[in-house]
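Here the structure is laid out as structure tokens; the discussion comes afterwards.
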Ligand SMILES: Nc1ncnc2c1ncn2[C@@H]1O[C@H](COP(=O)(O)OP(=O)(O)OP(=O)(O)O)[C@@H](O)[C@H]1O
Ligand SMILES: [Mg+2]
């Protein structure tokens, strides 16, 4: 007797045995994926597993070397971006494509402008842009330059833009990497709406909680090969991690505190043109100070102001008791500050090698009398690549050839390679896979034992709660509270972040 017909709908998309090689790197060796209409299908795998490569084949950005592609049962080839578009495939990439000097409205209608008497019809452009945002339930000023928006907002533009025309398959490559919790909820509401319309969604994320919240099924890739597909209702985080990394991870994040009494950084009444108001706090030796806040709370602005990337309008900053006023990041670095920016692209030198990207922050480690010393630089680069499990053909590979998450690891590794007394990390784990996150947490812990002080800003509250000795909560550019000890609970942090007061 056969199984009762569980009438699984006919697949919209079938990718079978896909292979793709870049030079010496076999990015895909057996990529297999089946997606049915009206499902959210998550794609999981470690950094460099081949997720982006698989979806770039779908978008027509890469031609596969081998494998079979079917669309609604019919064999097809996708030779160009236009082929994918015609089929109703939309891909939102990991690297954003929003053009800074254009307005929100222009970005939303880019390439699809209607003209009247040879001129772009501005009223019509605005109307369509507004409709696109409406579909997403998002409000943005249509006339602002996209370059002035924060990443999360630019990401919303990218998503809204993809939702035009007849969409049958929407691929999102780490769409929430830079979104706050509320934006994620809003995005999920949009995704559920699209699923109800019968649209299939491929959702790539390193955040397992999101996968369980939104996906119907999950396909796991490892080393370019599909390990398997499971229903989210019939699996567990542990099982998925096991499939991804082929080993189990210690989930115990708790670390010992190494915070001392000595103040290394003292900030008083700090205000900036970027929206910070009267921010006051102290950072101690060996301390991890968590910084949490919702989108627009000033988390990134605080990190940038401390590092000399943005100007300070009022207030004082003291490093080891001496007042400073950094006019540039270079000056901040000379005073022993390090900074891992929120946005991958900042600080990434795509054309330079992994080795060069790792050592730009530590010239004193690798040069003598102003000459770079490759003999010192190479072991340092190799050590960092190993510790953070950066997947690269060699340390001489240009950064651009690495997967998104591996690029991020290199940028984080740059600062960990150097013994920076004060390290500012802005969302360092966004886009990094679970295994590498673990290594990163361990490294942060190890650095505090040698007296390094860390300001760790993150949108992931569980990671902050596990790592931080104290937590600075920001609300609309102000310090809503600083929590420590028994007061440092998820509930208290969220209440401060949302309401701005403690009750
Ligand atoms: N254009 C390219 N040239 C050379 N190598 C590439 C190129 N694109 C991808 N690769 C390599 O192929 C492998 C798979 O990369 P891919 O971007 O698909 O990984 P991913 O699963 O999306 O990882 P992440 O989670 O870090 O985004 C990596 O080793 C990467 O370095
Ligand atoms: Mg990727």
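Residue numbers (our numbering): 639 to 1141.
We treat Cβ as the ideally placed atom computed from N, Cα and C, and that holds for glycine.
All of these numbers come straight from a predicted model, not from anything done at the bench.
Minimum C-alpha distance to residue i - residue among the options
i	options	result
residue 1068	853, 1019 and 814	814
residue 1101	727, 935, 1131 and 764	1131
residue 841	851, 993 and 894	851
residue 1106	1063, 1088, 1114 and 1133	1063
residue 616	909, 971 and 819	As shown, the chain starts at 639 and ends at 1141. That puts residue 616 outside it, with no answer to give.
residue 1090	1112, 1061 and 650	1061
residue 1033	1041, 1017 and 695	1017
residue 667	674, 651 and 691	691
residue 1125	1103, 1041 and 974	1103
residue 849	1082, 875 and 671	875
residue 836	675, 987 and 1055	675
residue 961	787, 828, 772 and 901	901
residue 649	681, 661, 784 and 710	710
residue 916	846, 1095 and 1115	1115
residue 861	923, 1120, 1075 and 1029	1029
residue 777	786, 785 and 767	767
residue 1097	1074, 1077, 1135 and 1121	1135
residue 979	823, 883, 880 and 947	947
residue 912	788, 682, 971 and 847	788
residue 921	1031, 672 and 1122	1122
residue 968	945, 1099, 956 and 955	945
residue 657	704, 673 and 671	704
Euclidean distance between Cα positions of residue i and residue j
i	j	result
residue 951	residue 1071	38 Å
residue 655	residue 669	5 Å
residue 1024	residue 1045	14 Å
residue 1138	residue 1036	44 Å
residue 958	residue 904	8 Å
residue 805	residue 726	4 Å
residue 713	residue 684	30 Å
residue 1085	residue 1048	17 Å
residue 603	residue 659	Residue numbering for the chain in the displayed model covers 639 to 1141; residue 603 lies beyond these limits and cannot be assessed.
residue 695	residue 844	20 Å
residue 1020	residue 819	36 Å
residue 953	residue 914	11 Å
residue 792	residue 1065	17 Å
residue 797	residue 665	27 Å
residue 739	residue 762	20 Å
residue 1058	residue 973	9 Å
residue 926	residue 975	14 Å
residue 1108	residue 966	28 Å
residue 924	residue 1094	13 Å
residue 829	residue 784	24 Å
residue 810	residue 1014	41 Å
residue 745	residue 779	12 Å
residue 866	residue 894	38 Å
residue 1050	residue 1076	14 Å
residue 1055	residue 1112	30 Å
residue 1005	residue 855	Here the model assigns residue 1005 a pLDDT of 47, short of 50, so the residue's position is not dependable and the matter cannot be decided.
Residue i classed as buried or exposed, judged by whether at least 16 other C-beta atoms fall within 10 angstroms
i	result
residue 1118	buried
residue 991	buried
residue 964	buried
residue 715	exposed
residue 795	buried
residue 743	buried
residue 1038	exposed
residue 899	exposed
residue 935	buried
residue 652	buried
residue 1140	exposed
residue 1129	exposed
residue 760	exposed
residue 772	exposed
residue 939	buried
residue 827	exposed
residue 647	exposed
Whole-number beta carbon distance between residue j and residue i, since they are thought to touch under 8 Å
i	j	result
residue 977	residue 1110	In fact, because the Cβ distance is near 17 Å, the residues do not count as touching under 8 Å.
residue 821	residue 770	Not a contact, Cβ separation roughly 17 Å.
residue 929	residue 942	12 Å between Cβ atoms; not a contact.
residue 839	residue 663	In fact, because the Cβ distance is near 28 Å, the residues do not count as touching under 8 Å.
residue 781	residue 741	5 Å
residue 878	residue 688	Residue 878 to residue 688, Cβ: 17 Å. No contact.
residue 1041	residue 686	4 Å
residue 870	residue 864	Between residue 864 and residue 870 the Cβ distance is about 17 Å, and since that is not below 8 Å, they are no contact.
residue 995	residue 1052	6 Å
residue 883	residue 1073	5 Å
residue 722	residue 697	5 Å
residue 701	residue 717	7 Å
Cβ of residue i within 9 Å of any chain C Cβ
i	result
residue 1045	Any reference to chain C falls outside this structure, which holds one protein chain only.
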